[in-house]
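Position in the sequence shown (first residue = 1) + 341 = this note's numbering. Even for Gly, the Cβ is constructed at its ideal location relative to N, Cα and C.
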Amino acid sequence: MAIVTLILGNSGEGKSYSLKHLDPSQTGVINVVNKPLPFRGGKDFKKLATDSAAKICDALVRSKAPVIVIDDFQYIMSLEYIRGNNQKYEKGAAFDRYNILSYNAFSVFDTAINHVSNDKRVYILAHIQEDNGRQRIKTMGKVLDDKIVLEGLVSTVLQTTLRDDGHFFMTKNNGFNTVKSPEDMFQSELIPNDLNAVDDAICDYYGITKNQNQQPEQA
342 MAIVTLILGN SGEGKSYSLK HLDPSQTGVI NVVNKPLPFR GGKDFKKLAT
392 DSAAKICDAL VRSKAPVIVI DDFQYIMSLE YIRGNNQKYE KGAAFDRYNI
442 LSYNAFSVFD TAINHVSNDK RVYILAHIQE DNGRQRIKTM GKVLDDKIVL
492 EGLVSTVLQT TLRDDGHFFM TKNNGFNTVK SPEDMFQSEL IPNDLNAVDD
542 AICDYYGITK NQNQQPEQA
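Shown next as C-alpha coordinates:
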(Lines of atoms letter the chains of each structure in order from A and count residues from 1; the text may use other names and numbers.)
(Lines give C-alpha, C1' and ligand atoms only; values in the text may rest on other atoms or scores of the structure.)
Protein backbone atom coordinates (compact mmCIF):
# COMPACT_ATOMS: atom_id res chain seq x y z
CA MET A 1 0.00 0.00 0.00
CA ALA A 2 1.03 3.63 -0.44
CA ILE A 3 2.17 5.89 2.37
CA VAL A 4 -0.56 8.52 2.75
CA THR A 5 0.14 11.77 4.60
CA LEU A 6 -2.22 14.62 5.43
CA ILE A 7 -1.03 18.23 5.19
CA LEU A 8 -3.56 20.53 6.87
CA GLY A 9 -3.79 24.29 7.24
CA ASN A 10 -5.65 27.47 6.50
CA SER A 11 -5.59 29.04 3.06
CA GLY A 12 -2.40 31.01 2.43
CA GLU A 13 -0.28 29.24 5.04
CA GLY A 14 2.01 27.43 2.63
CA LYS A 15 0.46 24.05 1.83
CA SER A 16 0.67 24.38 -1.96
CA TYR A 17 3.96 26.30 -1.73
CA SER A 18 5.49 23.32 0.07
CA LEU A 19 5.62 21.48 -3.30
CA LYS A 20 8.30 23.88 -4.57
CA HIS A 21 11.30 21.61 -3.94
CA LEU A 22 9.71 18.36 -5.13
CA ASP A 23 11.10 16.96 -8.39
CA PRO A 24 8.47 17.69 -11.08
CA SER A 25 9.57 14.61 -13.05
CA GLN A 26 8.75 12.39 -10.07
CA THR A 27 5.56 14.11 -8.92
CA GLY A 28 1.97 14.03 -10.12
CA VAL A 29 -0.35 16.78 -8.90
CA ILE A 30 -4.12 16.35 -8.77
CA ASN A 31 -5.38 19.92 -8.71
CA VAL A 32 -8.96 19.89 -7.43
CA VAL A 33 -9.69 23.56 -8.21
CA ASN A 34 -7.37 23.96 -11.21
CA LYS A 35 -5.34 26.83 -9.81
CA PRO A 36 -1.67 27.46 -10.65
CA LEU A 37 0.95 26.48 -8.09
CA PRO A 38 2.19 29.58 -6.20
CA PHE A 39 5.86 29.53 -7.19
CA ARG A 40 8.07 29.82 -10.26
CA GLY A 41 8.43 26.48 -11.98
CA GLY A 42 5.00 25.30 -10.89
CA LYS A 43 4.00 24.80 -14.52
CA ASP A 44 6.65 22.07 -14.82
CA PHE A 45 4.62 19.67 -12.67
CA LYS A 46 2.39 17.11 -14.36
CA LYS A 47 -1.13 18.09 -13.32
CA LEU A 48 -4.63 16.68 -13.57
CA ALA A 49 -7.38 19.23 -12.92
CA THR A 50 -10.58 17.61 -11.64
CA ASP A 51 -12.90 17.71 -8.64
CA SER A 52 -14.50 14.37 -9.53
CA ALA A 53 -13.80 11.79 -6.84
CA ALA A 54 -14.14 8.99 -9.40
CA LYS A 55 -11.58 10.57 -11.73
CA ILE A 56 -9.22 11.24 -8.82
CA CYS A 57 -9.44 7.61 -7.72
CA ASP A 58 -8.75 6.46 -11.28
CA ALA A 59 -5.75 8.80 -11.52
CA LEU A 60 -4.36 7.52 -8.23
CA VAL A 61 -4.43 3.94 -9.46
CA ARG A 62 -3.08 4.70 -12.93
CA SER A 63 -0.38 7.20 -12.00
CA LYS A 64 3.24 6.25 -12.68
CA ALA A 65 4.58 8.98 -10.37
CA PRO A 66 6.21 7.84 -7.11
CA VAL A 67 4.84 10.98 -5.42
CA ILE A 68 1.23 12.09 -5.86
CA VAL A 69 -0.18 15.29 -4.36
CA ILE A 70 -3.90 16.01 -4.05
CA ASP A 71 -4.22 19.77 -3.58
CA ASP A 72 -7.34 21.30 -1.98
CA PHE A 73 -8.99 17.99 -1.10
CA GLN A 74 -11.91 19.64 0.74
CA TYR A 75 -13.26 21.09 -2.52
CA ILE A 76 -14.16 17.59 -3.70
CA MET A 77 -17.05 17.84 -1.26
CA SER A 78 -17.89 21.54 -1.26
CA LEU A 79 -17.95 22.03 -5.04
CA GLU A 80 -20.24 19.03 -5.51
CA TYR A 81 -22.48 20.41 -2.77
CA ILE A 82 -22.67 23.90 -4.31
CA ARG A 83 -23.46 22.54 -7.76
CA GLY A 84 -26.44 20.70 -6.31
CA ASN A 85 -27.90 23.78 -4.64
CA ASN A 86 -29.97 24.67 -7.70
CA GLN A 87 -31.91 21.41 -7.44
CA LYS A 88 -34.96 20.63 -5.34
CA TYR A 89 -34.77 17.56 -3.14
CA GLU A 90 -37.58 15.41 -1.84
CA LYS A 91 -37.94 14.85 1.88
CA GLY A 92 -35.06 12.69 3.08
CA ALA A 93 -33.03 13.20 -0.07
CA ALA A 94 -30.89 15.90 1.55
CA PHE A 95 -29.61 13.32 4.03
CA ASP A 96 -28.78 10.97 1.17
CA ARG A 97 -26.95 13.84 -0.50
CA TYR A 98 -24.58 14.20 2.46
CA ASN A 99 -24.03 10.45 2.49
CA ILE A 100 -22.95 10.59 -1.16
CA LEU A 101 -20.61 13.51 -0.48
CA SER A 102 -19.06 11.61 2.42
CA TYR A 103 -18.68 8.42 0.42
CA ASN A 104 -16.98 10.22 -2.45
CA ALA A 105 -14.48 11.88 -0.12
CA PHE A 106 -13.81 8.62 1.74
CA SER A 107 -13.30 6.78 -1.55
CA VAL A 108 -10.29 8.97 -2.31
CA PHE A 109 -8.66 8.01 0.99
CA ASP A 110 -9.60 4.36 0.55
CA THR A 111 -8.13 4.25 -2.95
CA ALA A 112 -4.92 6.00 -1.91
CA ILE A 113 -4.40 3.70 1.07
CA ASN A 114 -5.47 0.35 -0.38
CA HIS A 115 -5.18 0.53 -4.16
CA VAL A 116 -2.02 2.52 -4.91
CA SER A 117 1.25 0.65 -5.47
CA ASN A 118 3.61 -0.05 -2.59
CA ASP A 119 6.22 2.58 -1.70
CA LYS A 120 4.39 5.40 -3.45
CA ARG A 121 3.70 8.47 -1.35
CA VAL A 122 0.39 10.30 -1.51
CA TYR A 123 0.11 13.74 0.09
CA ILE A 124 -3.41 15.06 0.68
CA LEU A 125 -3.53 18.83 1.23
CA ALA A 126 -6.66 20.23 2.85
CA HIS A 127 -8.07 23.16 4.80
CA ILE A 128 -8.94 22.94 8.49
CA GLN A 129 -12.06 23.66 10.49
CA GLU A 130 -12.52 24.19 14.22
CA ASP A 131 -14.72 21.85 16.22
CA ASN A 132 -15.17 22.54 19.93
CA GLY A 133 -11.81 24.29 20.08
CA ARG A 134 -10.00 21.56 18.15
CA GLN A 135 -8.68 22.01 14.61
CA ARG A 136 -9.21 19.17 12.15
CA ILE A 137 -9.58 18.49 8.42
CA LYS A 138 -12.43 20.43 6.83
CA THR A 139 -15.32 18.20 5.72
CA MET A 140 -19.07 18.44 5.17
CA GLY A 141 -21.62 16.65 7.29
CA LYS A 142 -21.14 14.49 10.38
CA VAL A 143 -20.50 11.12 8.77
CA LEU A 144 -16.79 11.67 8.11
CA ASP A 145 -16.23 13.50 11.40
CA ASP A 146 -18.12 11.16 13.71
CA LYS A 147 -18.12 7.77 11.99
CA ILE A 148 -14.81 7.69 10.12
CA VAL A 149 -12.40 10.45 11.30
CA LEU A 150 -10.19 10.81 8.23
CA GLU A 151 -7.06 11.59 10.25
CA GLY A 152 -7.40 8.19 11.88
CA LEU A 153 -6.84 6.49 8.53
CA VAL A 154 -3.22 7.69 8.24
CA SER A 155 -0.13 7.65 10.44
CA THR A 156 1.17 11.14 9.67
CA VAL A 157 -0.77 14.40 9.87
CA LEU A 158 1.14 17.68 9.61
CA GLN A 159 -0.32 21.15 10.00
CA THR A 160 0.90 24.55 8.86
CA THR A 161 1.85 27.27 11.31
CA LEU A 162 3.21 30.78 10.79
CA ARG A 163 5.97 32.46 12.79
CA ASP A 164 7.98 35.63 12.36
CA ASP A 165 10.85 33.58 10.93
CA GLY A 166 8.81 31.70 8.33
CA HIS A 167 6.26 29.04 7.42
CA PHE A 168 6.46 25.68 9.18
CA PHE A 169 4.78 22.31 9.63
CA MET A 170 3.88 21.08 13.10
CA THR A 171 4.81 17.43 13.64
CA LYS A 172 3.50 16.96 17.20
CA ASN A 173 0.00 17.30 18.59
CA ASN A 174 -0.56 20.34 20.80
CA GLY A 175 -3.84 19.16 22.30
CA PHE A 176 -5.91 21.36 20.01
CA ASN A 177 -5.31 19.74 16.63
CA THR A 178 -5.04 16.31 14.99
CA VAL A 179 -1.32 16.49 14.21
CA LYS A 180 0.67 13.27 14.63
CA SER A 181 3.73 11.52 13.26
CA PRO A 182 5.51 8.23 14.00
CA GLU A 183 8.12 8.22 16.75
CA ASP A 184 11.50 9.61 15.60
CA MET A 185 10.35 10.31 12.03
CA PHE A 186 11.06 14.02 12.50
CA GLN A 187 13.75 15.53 14.69
CA SER A 188 11.80 18.64 15.65
CA GLU A 189 8.27 19.64 16.57
CA LEU A 190 8.50 22.36 13.91
CA ILE A 191 9.99 21.74 10.47
CA PRO A 192 10.15 23.96 7.35
CA ASN A 193 7.13 23.65 5.06
CA ASP A 194 9.14 21.71 2.50
CA LEU A 195 7.28 18.68 1.16
CA ASN A 196 10.45 17.30 -0.43
CA ALA A 197 12.15 17.24 2.98
CA VAL A 198 9.05 15.55 4.41
CA ASP A 199 9.18 12.97 1.62
CA ASP A 200 12.88 12.35 2.34
CA ALA A 201 12.08 11.76 6.02
CA ILE A 202 9.23 9.37 5.18
CA CYS A 203 11.35 7.41 2.70
CA ASP A 204 14.18 7.16 5.22
CA TYR A 205 11.81 6.05 7.98
CA TYR A 206 10.15 3.31 5.95
CA GLY A 207 13.25 2.23 4.01
CA ILE A 208 11.97 3.43 0.64
CA THR A 209 14.58 4.08 -2.04
CA LYS A 210 13.82 7.10 -4.17
CA ASN A 211 14.16 6.19 -7.86
CA GLN A 212 15.53 9.29 -9.51
CA ASN A 213 15.45 7.62 -12.93
CA GLN A 214 11.75 6.79 -12.95
CA GLN A 215 9.83 8.84 -15.50
CA PRO A 216 6.11 9.00 -14.71
CA GLU A 217 3.86 9.05 -17.75
CA GLN A 218 0.99 10.99 -16.22
CA ALA A 219 -0.17 12.70 -13.05
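Here A390 has N372 and N375 as same chain residues with Cβ atoms under 7 Å from its own Cβ, once five neighbours each way along the sequence are excluded. Beta-bridge annotation (DSSP): V449 is not paired with any residue. Assigned with DSSP and collapsed to three states, E421 falls in helix. A residue is called buried when at least 16 other Cβ atoms come within 10 angstroms of its Cβ; P407 meets this threshold and is buried. About 6 Å separates the CB atoms of Q476 and F517; that is less than 8 Å, so the two are in contact. Of the residues D525, A467, V498 and V539, the one whose Cα lies closest to the Cα of Q415 is A467. Annotation: D399 is outside any beta strand (DSSP E); the continuous alpha helix (DSSP H) that includes it extends over A394 to R403. With at least 16 other beta carbons inside 10 angstroms of its own, E354 counts as buried. At the C-beta level, N445 and A400 stay beyond 7 Å of one another.
For D437, the closest alpha carbon among the candidates Q367, V484, P533 and Q470 is that of V484.
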